[in-house]
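Colleague:
Residue numbers (this note's numbering), protein chains in the order written: chain A, 1 to 424; chain B, 1001 to 1434.
1. Which residues bound the alpha helix (DSSP H) around residue 206 (chain A)?
2. Report the partner residues of residue 1062 (chain B) according to the DSSP bridge assignment.
3. Which term fits residue 124 (chain A), buried or exposed, when burial requires 16 or more other beta carbons within 10 angstroms of its beta carbon?
4. Please list the partners that residue 387 (chain A) has in chain B, where partner means a Cβ-to-Cβ separation under 8 Å.
5. With a cut-off of 8 Å, does the C-beta of residue 971 (chain B) fall near any C-beta of chain A?
6. Using a Cβ-Cβ cutoff of less than 8 Å, which residues in the same chain neighbour residue 116 (chain A) once the five nearest sequence positions on both sides are dropped?
7. Could you check which residue in B:1117, B:1192, B:1161, B:1107 has the C-alpha nearest to that of residue 1342 (chain B)?
8. Could you compute how far the alpha carbon of residue 44 (chain A) sits from the alpha carbon of residue 36 (chain A)?
9. Taking residue 256 (chain A) as part of the beta strand (DSSP E), name the residues at either end of that continuous run.
10. Assign residue 1146 (chain B) to one of three DSSP states: helix, strand, or coil.
11. State the Cα-Cα distance for the pair residue 50 (chain A) and residue 1413 (chain B), rounded to the nearest angstrom.
12. Count the other CB atoms, across all protein chains shown, that sit within 10 Å of the CB of residue 313 (chain A); report buried if there are 16 or more and exposed otherwise.
13. Going along the chain, which residues of its own chain have a beta-carbon closer than 8 Å to the beta-carbon of residue 1207 (chain B), five neighbours each way excluded?
14. Can you tell me where the beta strand (DSSP E) holding residue 1077 (chain B) begins and where it ends?
15. List the endpoints of the continuous beta strand (DSSP E) containing residue 1239 (chain B).
16. Please list the partners that residue 1354 (chain B) has in chain A, where partner means a Cβ-to-Cβ separation under 7 Å.
17. Counting Cβ pairs, one atom from each stretch, are 3 or more of them under 8 Å apart for the region 203-220 of chain A and the region 1399-1415 of chain B?
18. Tell me, please, which residues DSSP counts as bridged to residue 250 (chain A).
19. If you follow the alpha helix (DSSP H) that residue 1184 (chain B) is in, where does it begin and where does it stop?
20. Return the chain-ordered list of same chain residues with a C-beta closer than 6 Å to the C-beta of residue 354 (chain A), the five sequence neighbours on each side being excluded.
21. So, residue 1062 (chain B) versus residue 1132 (chain B), is the Cβ gap smaller than 8 Å?
22. Taking its Cβ as the centre, do 16 or more other Cβ atoms sit within 10 Å of residue 23 (chain A), making it buried, or is it exposed?
23. Assuming residue 339 (chain A) contacts residue 128 (chain A) under a Cβ cut-off of 8 Å, what Cβ separation, rounded to an integer in Å, is found between them?
24. Under a three-way DSSP split, which group does residue 1256 (chain B) fall into?
25. Are the C-beta of residue 1245 (chain B) and some C-beta of chain A separated by less than 8 Å?
26. How would you call residue 1101 (chain B), buried or exposed, if buried means at least 16 neighbouring beta carbons within 10 angstroms?
27. Counting only Cβ pairs nearer than 8 Å, list the residues of chain B close to residue 220 (chain A).
28. So which of B:1048, B:1187, B:1172 has the shortest CA-CA distance to residue 1079 (chain B)?
29. Taking C-beta pairs closer than 7 Å, name the residues in chain B that residue 341 (chain A) reaches, listed in chain order.
30. If you draw a straight line from the C-alpha of residue 29 (chain A) to the C-alpha of residue 46 (chain A), how long is it?
31. Nearest to residue 103 (chain A) by alpha carbon, out of A:68, A:118, A:131?
32. Determine whether the Cβ of residue 66 (chain A) lies closer than 8 Å to any Cβ atom of chain B.
33. By Cβ distance, which residues of its chain are closer than 7 Å to residue 305 (chain A), with the 5 residues on each side in sequence left out?
34. Can you tell me whether residue 1272 (chain B) is helix, strand or coil according to DSSP?
35. Who does residue 236 (chain A) pair with in a DSSP beta bridge?
36. What did DSSP end up calling residue 121 (chain A) once you bin it into helix, strand or coil?
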């Protein structure tokens, strides 16, 4: 009990309600009894876990249902069937069912159906986990990091540059590239942190603007001789050398790159930082109530800066595992920036808690890995995934809405505050 | 006789956190910081624009078009001398700030310095060539229009206490809806109205999320933005590319105000436009009047500043907020139709490209005031237009850096280098509080 444990003054509102002792640490089982008492404690832990999972599961389910409706009502053939609904109601329903089951069937087949596809899902989930951790960490400090996209781009640019500009043995080259990616993202994230700490500029606006600026920085870099491969005029970089690529790991037929271990290690590190370290306690206190934190003598500004540096670094790692792990190994204009927005959804679905983020990243990996197969085989545009993701965030962010749909009794207070308002 | 009256005291609001700043002029540190910044601008003007231009090159600033009834003579400026003179003037302003000669109107001085800098930049960029000042101002007005609508939409929401970060999503959705409906009906006004309606629906949605379901308002707005982007991209890929006829709404034409359009310089600029520019001016002054001169405006503002007090005197806080947010949605929807029915004549994926966020910055820069928001929108519009002009004029500045300018300026503005502004006191707080 030397450092602050999770139960006492912590449990800040920055941690969403309802998840009790969900996935993270916790002060359960205070050594009271054995046998029946232990069973009861286990039972209550399980119940808490089930409660914590209930709302995200319902959110996912509802999002898939509404996504299905969107598909049905934008498909010309199915709409034709519906226009003759009274003549042939079964036909309309059957056409809708076929459309949706084909699309979702393909979505899940191409992500989980075979070991090969499963490996691809893990590969897709890896950057999302790192990005989700970035947004989650910022959330816990009371900051809304919409800038993961820009930090990803800058991180990938730095890591990519180290990856193709130098010739080094692999044991040095790869770590150096990873370090460069982290540093680039951290530096980009720190801009928003410093602005927030020094001038009070709201991080939502500054990070969005920094996103747009980062795309231009990458374009500028791609136009330069240092990045451009000989004989190419379009915006593309040279490929990262073999020595800076993440090793491929084969377990059975499941192939994925070593970035997965980096993501898991990062999740453990973030968990330790937030739940077990003094700095993390300060960070969460600032996130819960900056006035109280200042009153208690903590430096609010320093925590904002530190949180944005770490969040930026994690988002930079997201770019790094992408450029050093995703085949083609080249930077292109606007390099995978959309993953930065998926990261927000991952963090919200994971309830800003590292274990939850890993689970949410896996789920979004399924959606992302399956969506290309779905588009190729069923003509459903991949953009439906963005719609489903937005719906998931919506329902996760508005637990009261889900409760109302499913007539679940309210637990505790529904109002939750992740972020600070303009004036602070 | 004042004995019965309690003096107004700041302690009247015990549950509000204490305001971190007291409004008594500027701190010396900030004034000195601005002074150094102005000095830098002056140095850049002298070194780059003055000494950087070969002597003997003239810049011709064109003030009227060939077709105008009244011709105003062009202004011809020697590039090198102009850069040096303007640079010296900016240096003088910076020195005055640093020496403390100016203490009260610091931002005015900064504004003048930035204006002089812009003229110096333009003269330098146009050295040995013509540049149309009317074209520049016209482009400024054109680019400012969607920003002004977005900022006014945000103003309506935030004055009532609901943060609207969903302006971007409202603009994008309305751009899509107006393209679709105007093409399908063949009537451009149907697109205009449908776009406004779509904005109102999103406004209702934002209102429900933040007022009824008490979602964190910034997250609720972000959800709407992501949702709008996903849905319009999906429908664009699914519907508009399958049926290109549905993405051909046509666009509004400019029309002149009889009489006024014949004024030299100003007539062409202000009184010969599309419906959007006129609506923008009507809306700015209408909203100013409505918010600050009517009972309705007083209610909206009181709900945004101190909802409990408003509730106590019988104002329905939640209903007022719902109405304001929906009205804001209508204004944002109007702005969204600008992208398809005025700017391009078709819908493209993610065509708003962050304009909604820049509008939000314009709202903050404009200090939550309609006229301020318009001025801020014009400043941002000018930055964007200047950027495109410089790109055409083939300056040695890389085009990627020019493209960054609107975003960099937004950060500078929000970071308060140009003044810290104060939001409505209850902005972003659900009512009743937890």
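Here a beta-carbon is modelled for each residue, glycine too, at the ideal position from N, C-alpha and C.
Modeller: Well, looking at it:
1. The residue labelled residue 206 (chain A) in the question sits at position 206 within the first chain. Segment 203-223, the alpha helix (DSSP H) holding residue 206 (chain A).
2. As a first step, residue 1062 (chain B) must be located in the second chain, where it is residue number 62. Residue 1062 (chain B) pairs with B:1132.
3. For the purposes of this step, residue 124 (chain A) is identified with residue 124 of the first chain, where counting begins at 1. That one is buried.
4. The residue given as residue 387 (chain A) occupies position 387 in the first chain. The answer, in chain order, is 1227, 1230, 1231, 1234.
5. For chain B, the structure presents residues 1001 to 1434; residue 971 (chain B) sits outside this window and is missing.
6. Position 116 of the first chain, counted from the first residue, corresponds to residue 116 (chain A). Within the same chain, residue 116 (chain A) has close Cβ partners 253, 254, 255.
7. The residue labelled residue 1342 (chain B) in the question sits at position 342 within the second chain. Scanning B:1117, B:1192, B:1161, B:1107 for the CA closest to the CA of residue 1342 (chain B) turns up B:1192.
8. Against the first chain, residue 44 (chain A) aligns to sequence position 44. Against the first chain, residue 36 (chain A) aligns to sequence position 36. Rounded to the nearest angstrom, the gap between the Cα atoms of residue 44 (chain A) and residue 36 (chain A) is 12 Å.
9. As a position in the first chain, residue 256 (chain A) is number 256, starting the count at 1. Segment 254-257, the beta strand (DSSP E) holding residue 256 (chain A).
10. Here the question's residue 1146 (chain B) lines up with position 146 in the second chain. Looking at residue 1146 (chain B) - three-state DSSP - the assignment turns out to be helix.
11. Counted from its first residue, the first chain places residue 50 (chain A) at position 50. Counted from its first residue, the second chain places residue 1413 (chain B) at position 413. Cα atoms of residue 50 (chain A) and residue 1413 (chain B): separation of roughly 47 Å, rounded to the nearest angstrom.
12. Along the first chain, one-based indexing puts residue 313 (chain A) at 313. Burial call: buried.
13. On the second chain, residue 1207 (chain B) is found 207 positions in, with the first residue counted as 1. Excluding residues up to 5 positions away in sequence, 1162, 1321, 1322, 1325, 1326 lie with their Cβ nearer than 8 Å to the Cβ of residue 1207 (chain B) in the same chain.
14. Against the second chain, residue 1077 (chain B) aligns to sequence position 77. Membership of residue 1077 (chain B) in the beta strand (DSSP E) is indicated by the continuous run 1075-1078.
15. Mapped onto the second chain, residue 1239 (chain B) falls at position 239. Here residue 1239 (chain B) belongs to no beta strand (DSSP E), and DSSP marks it neither H nor E.
16. For the purposes of this step, residue 1354 (chain B) is identified with residue 354 of the second chain, where counting begins at 1. Think of a sphere of 7 Å around the beta carbon of residue 1354 (chain B): the chain A residues whose beta carbon falls inside it are 208, 212, in chain order.
17. By the criterion of at least three beta-carbon pairs nearer than 8 Å, the region 203-220 of chain A is in contact with the region 1399-1415 of chain B.
18. Along the first chain, read from residue 1 onward, the residue named residue 250 (chain A) stands at position 250. DSSP lists A:255 as partners of residue 250 (chain A).
19. Position 184 of the second chain, counted from the start, is the residue given in the question as residue 1184 (chain B). First-last of the alpha helix (DSSP H) with residue 1184 (chain B): 1167-1185.
20. To locate residue 354 (chain A), count along the first chain from 1; it is residue 354. Cβ within range, chain order: 267, 270, 271.
21. Here residue 1062 (chain B) refers to the residue found at position 62 of the second chain. Here residue 1132 (chain B) refers to the residue found at position 132 of the second chain. Remark: C-beta atoms of residue 1062 (chain B) and residue 1132 (chain B) approach each other more closely than 8 Å.
22. Along the first chain, read from residue 1 onward, the residue named residue 23 (chain A) stands at position 23. Note that residue 23 (chain A) has pLDDT 38, beneath the 50 cutoff, so the model's placement of it is unreliable and the number below is only indicative. With 16 or more Cβ atoms within 10 Å of its Cβ, residue 23 (chain A) is classed as buried.
23. Taking the first residue of the first chain as position 1, residue 339 (chain A) is located at position 339. Taking the first residue of the first chain as position 1, residue 128 (chain A) is located at position 128. Taking C-beta atoms under 8 Å as the contact rule, residue 339 (chain A) and residue 128 (chain A) qualify, at a distance of about 7 Å.
24. Reading the second chain from its first residue, position 256 is the one you call residue 1256 (chain B). Three-state result, residue 1256 (chain B): strand.
25. Start at 1 with the first residue of the second chain, and residue 1245 (chain B) comes out as number 245. It does not: the Cβ of residue 1245 (chain B) has no partner Cβ on chain A nearer than 8 Å.
26. Counting from one through the second chain, the residue named residue 1101 (chain B) turns up at place 101. By the Cβ neighbour-count rule, residue 1101 (chain B) is exposed, with fewer than 16 other Cβ atoms within 10 Å of its own.
27. Mapped onto the first chain, residue 220 (chain A) falls at position 220. Per Cβ cutoff of 8 Å: 1398, 1400, 1401.
28. In the second chain, the residue the question calls residue 1079 (chain B) occupies position 79. Minimum Cα distance to residue 1079 (chain B) is reached at B:1048.
29. In the first chain, the residue the question calls residue 341 (chain A) occupies position 341. Here the neighbours are 1226.
30. Here residue 29 (chain A) is taken as the residue at index 29 of the first chain, counted from 1. Here residue 46 (chain A) is taken as the residue at index 46 of the first chain, counted from 1. In this prediction, residue 29 (chain A) has a pLDDT of 41, which is less than 50 and means its spatial position is unreliable; what the coordinates show is noted afterwards. Rounded to the nearest angstrom, the two C-alpha atoms are 13 Å apart.
31. Along the first chain, one-based indexing puts residue 103 (chain A) at 103. Nearest of A:68, A:118, A:131 to residue 103 (chain A), Cα basis: A:68.
32. For the purposes of this step, residue 66 (chain A) is taken as the residue at position 66 of the first chain. Not one beta carbon of chain B lies nearer than 8 Å to the beta carbon of residue 66 (chain A).
33. The residue given as residue 305 (chain A) occupies position 305 in the first chain. The beta carbon of residue 305 (chain A) sits closer than 7 Å to the beta carbons of 190, 193, 194, 197 from its chain, once the five residues preceding and following it are set aside; these are given in chain order.
34. In the second chain, counting from the first residue as 1, residue 1272 (chain B) sits at position 272. Per DSSP, reduced to three states, the secondary structure at residue 1272 (chain B) is strand.
35. Position 236 of the first chain, counted from the start, is the residue given in the question as residue 236 (chain A). DSSP lists A:332 as partners of residue 236 (chain A).
36. Here residue 121 (chain A) refers to the residue found at position 121 of the first chain. Three-state DSSP puts residue 121 (chain A) in a helix.
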